[in-house]
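As structure tokens, the structure follows; a few thoughts come after it.
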Amino acid sequence: MKVNPIYHQESKASARSFKLPLIVLLFNCVLAAVALLDMYSMISQVRLTAEIQYSSFLGLYVFVAAVEFVLLLFIIPGLTGGSISGERERQTLDLMLTTRMTAAGIVFGKLAAGLSTVFLLIVSSLPVLSLVFIYGGVTMPDVGLLFFCYLVTAVLVGSVGIFCSAALKRSTVATAAAYAAVLVLVAGTIVVSYLAEGFDEMTALSGSGGAVWPLYLLLCNPAVMFQSVLIRQVGSEEGLAVLTPLIMRIRDLELLGGHWWGCSVLAQIAMSGALLWAAVRQVTSRPRRKKKAAGL
Amino acid sequence: MLRIENLKKVFGKTVALDGLNMLVQDGALYGFVGPNGAGKTTTIRTIIGLLTPDEGSVAVDGVYVDQSPKKVMSKIGYVPDSFGVYDNLKVSEYMEFFAACYGITGLKARKRNETLLEQVGLYDKADFYVEGLSRGMKQRLCLARALIHNPLFLIMDEPTAGLDPRTRYEFKEILKELCAQGKTILISSHILPELSEICTDIGVVDQGRMVFEGSMEEILSQINVACPILISIAGDQSPALRILREHSQVETVTIRGDDILVGFRGDKKDETALLQRLVEAGVQIYGFMRERRNLETVFMQITDRGGEEVVLSYES
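Written out as structure tokens, the structure reads:
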């Protein structure tokens, strides 16, 4: 089987640099510190009250998983935001396009390289997440589902980064745009949904009923998908508390026949596909005509 | 090897290529020259399929770029005006990466890399990081990279820009060697004396059009015919000026001290006749010769938009 040359080259270069071990170390240090502090606080509580609340250990799982999720949202745009624009700045993109490599090969190679780092981060965090197994309450399939959720998020956020990188010339601008796009995707859709909910309440009072369509925007929100997975797993409403009212509303309204989570995964995969397709188009058309017009 | 017909490309309001025609024969070392903004890079980027023309066609070895771009790419090796290297890779890894981009892997890739690195004099640098190479070495590495898939046609955009004289000389020698191996090479460059030393053919582009195209021999013979004759006269110049003014082949006459610079249309036979006529008129001539010009002078003459018309004038 032929390995994508870009993926192979990026993996080799990143394995050699100090950046990758540093990211893995910091990522796990943050997770471990959060987990140990949470655990310490639980044990202190036990010492004080002489009462063991096993639900707090599930709280530990939710807390660590949420911190890991947020860290991933911060790391992935940084990993992918400068990938294609970096090639453009080095002027190697044109060279690649004159080889047998296709624009799709370049885009998928870059995404795969970014995802391999994310995969490494997720796998390396397994020991910290496994702390919850000491007390039980969470099974391996639950953790597998969580990892799947991380992976879908990584593909979506990675695709956002790759698209920004393909569409914009400068790496710094592309990375900033990727962070902004992720912020809009995560926080923007929540804000819109809350505004819609407020409007809904107002119209409900006037007796005309409210619109639920803004809630469907949350299908593309990886944080909502993550929170709904956690709620399914632990049965409580812990985690990213800001999302809980929205998820409860989705549940109450039985949107999409109660298959919200599955539909959300499908929507995010479809969105990733659309972004990657757009990135391929950007790489193929090389939108630098204005510059060329000046330089000929 | 390369045939371009009526190539047109417009960027917004700027006409980059305005019906450019070009023909590069198999095995030629073609010098592609023109002032900044003439359309050289646009032409090159169109040949390698990075730009789509608005009109016209580009065929490499009989294959049209717009019909089979990847097939054309397999025939072309491209060296851009920038290095296009990865500083965090070793020389051998850089070569392996581009070999893999062309679908060449394993032992075949390794052998090809070794051969090419030896050819460009970087064999002993194979385990060095690209970051540590000098400018000249990076340019040679770029050349080796462009040859990785054994292309028939090599296109180089300003390959010797910024290199020191010794590296330029070495680079020229490598190009001559490649040409001897049967490769067709197109070089876009501003260093005209160098081009005149190594090129077999030349194409001068200006304002998106080919203003001159032909073999070096043709251009050099035209240069000589177009050069003015320098006549050095001892004593009175007026009889000479009278004869020159009346002569039908004389276009311009410029007096420079004791010398007269004569713009003269004619071959060696006509020159001999003019000299004989002057001597018979009693003009004391102690010097009579065509001024020597080089490719640079011709380039300046061809691309000088203000001096396209030849006017018969008598200047002193």
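Chains as they are written, first to last, in this note's numbering: chain G, 3 to 298; chain Y, 28 to 343. Quick reminder that beta carbons are idealized off the backbone N, C-alpha and C, glycines included. Since the structure is predicted, the reported quantities are computational estimates derived from the model, not experimental observations.
Whole angstroms are fine: how far does the CA of Y/Cys254 sit from the CA of G/Val282?
55 Å
Answer with buried or exposed for G/Gly200, where buried requires no fewer than 16 other C-beta atoms within 10 angstroms of its C-beta.
Residue burial annotation: G/Gly200 is exposed, with fewer than 16 other C-beta atoms found within 10 angstroms of its C-beta.
Y/Pro107 Cβ short of 6 Å to the ligand MG heavy atom set:
Judged by which ligands are present, the structure shown has none, so any question about the ligand MG falls away.
Coil, strand or helix - G/Ser126 by DSSP
helix
Just checking my contact of Y/Leu143 with Y/Ile175 at CB under 8 Å: how many whole Å lie between their CB atoms?
7 Å
Y/Gly362 versus Y/Leu168: straight-line alpha-carbon distance, rounded:
One cannot answer for residue 362 of chain Y here, as it falls past the ends of chain Y, which runs 28 to 343.
Between which two residues does the beta strand (DSSP E) harbouring Y/Thr70 extend?
Secondary structure note for Y/Thr70: it is in no beta strand (DSSP E), and the uninterrupted alpha helix (DSSP H) holding it is Lys67 to Ile74.
Taking the C-alpha atoms as reference points, what is the distance between Y/Thr299 and Y/Leu305?
Roughly 10 Å between the two C-alpha positions.
Y/Met28 and Y/Val106 closer than 7 Å at C-beta
no
So, helix, strand or coil for G/Thr141, using DSSP?
coil
Opposing strand residues paired with Y/Val289 [DSSP bridges]:
Y/Ile256 and Y/Val280
When the Cα of G/Ala269 is compared with those of G/Ile249, G/Ala280, G/Leu117 and G/Val226, which residue comes out closest?
G/Val226
Taking only beta-carbon positions, decide if G/Arg172 is within less than 7 Å of chain Y.
no
With contact counted as at least three CB pairs below 8 Å, one residue from each stretch, are the stretch 40 to 54 of chain Y and the stretch 194 to 201 of chain Y in contact?
no
Just how far apart, CA to CA, sit G/Arg234 and G/Val193?
So the alpha carbons of these two residues sit roughly 23 Å apart.
Go to Y/Tyr196, then tell me how far its alpha helix (DSSP H) extends in each direction, as first and last residue.
Pro192 to Ala207
Return the bridge partner residues of Y/Asp233 from the DSSP annotation.
Y/Arg236
Anticipated Cβ contact below 8 Å, Y/Ala261 with Y/Ile287, distance rounded
Incorrect: roughly 12 Å between the Cβ atoms, too far for contact.
So which residues of chain G does Y/Asn115 contact, with C-beta pairs closer than 8 Å?
The answer, in chain order, is Ala15, Arg18 and Ser19.
The beta strand (DSSP E) that contains Y/Asn48, what's its start and end?
Thr41 to Val51 is the extent of the beta strand (DSSP E) around Y/Asn48.
Take G/Leu62 and list the residues in its own chain whose beta-carbon comes closer than 8 Å to its own, dropping the five residues that flank it on each side.
Ala37, Asp40, Met41, Met44, Leu133 and Val134
Please state the DSSP three-state secondary structure of Y/Ile218.
coil
Residues of chain Y with CB closer than 7 Å to the CB of G/Pro7, please, in chain order.
Phe124, Ala127 and Cys128
When the distance is taken between beta carbons, is Y/Tyr313 closer than 7 Å to Y/Ser242?
no
The stretch 159 to 173 of chain G contacting the stretch 95 to 102 of chain G, beta-carbon criterion three pairs below 8 Å
Judged by Cβ distances under 8 Å, the stretch 159 to 173 of chain G makes no contact with the stretch 95 to 102 of chain G, as fewer than three pairs qualify.
Range of the contiguous alpha helix (DSSP H) that encloses Y/Glu141:
Gly133 to Gln146
Kindly indicate which residue of G/Leu185, G/Leu128 and G/Leu113 has the alpha-carbon position closest to the one of G/Val72.
G/Leu185
Label G/Cys31 either buried or exposed according to how many other C-beta atoms from any shown protein chain fall within 10 Å of its C-beta, with 16 as the threshold for buried.
exposed
Excluding sequence positions up to five away, which residues of its chain have a Cβ less than 6 Å from the Cβ of Y/Leu34?
Leu44, Leu47, Pro80 and Gly83
So, under 8 Å CB-CB, Y/Ile212 and Y/Leu181 are touching, yes? Tell me the CB distance rounded to an integer number of Å.
5 Å
Check Y/Thr211 in the structure and name its three-state DSSP category.
strand
Where G/Gly52 falls: helix, strand or coil (DSSP)
Here residue 52 of chain G is Ala; the residue named in the question, Gly, does not match the sequence. Residue state, collapsed to three classes: coil.
Assigned exposure category for G/Pro143 - 16 Cβ within 10 Å defines buried
exposed
Using a C-beta to C-beta distance shorter than 8 Å, which residues of chain G count as neighbours of Y/Met164?
Within 8 Å Cβ-Cβ: nothing; Y/Met164 doesn't reach chain G, min ~17 Å.
According to a CB-to-CB cut-off of less than 9 Å, which residues of the stretch 82 to 107 of chain Y neighbour chain G?
Lys97, Met100, Ser101, Ile103, Gly104, Tyr105 and Pro107
Is G/Arg90 close to chain Y? Criterion is C-beta to C-beta, closer than 7 Å.
no
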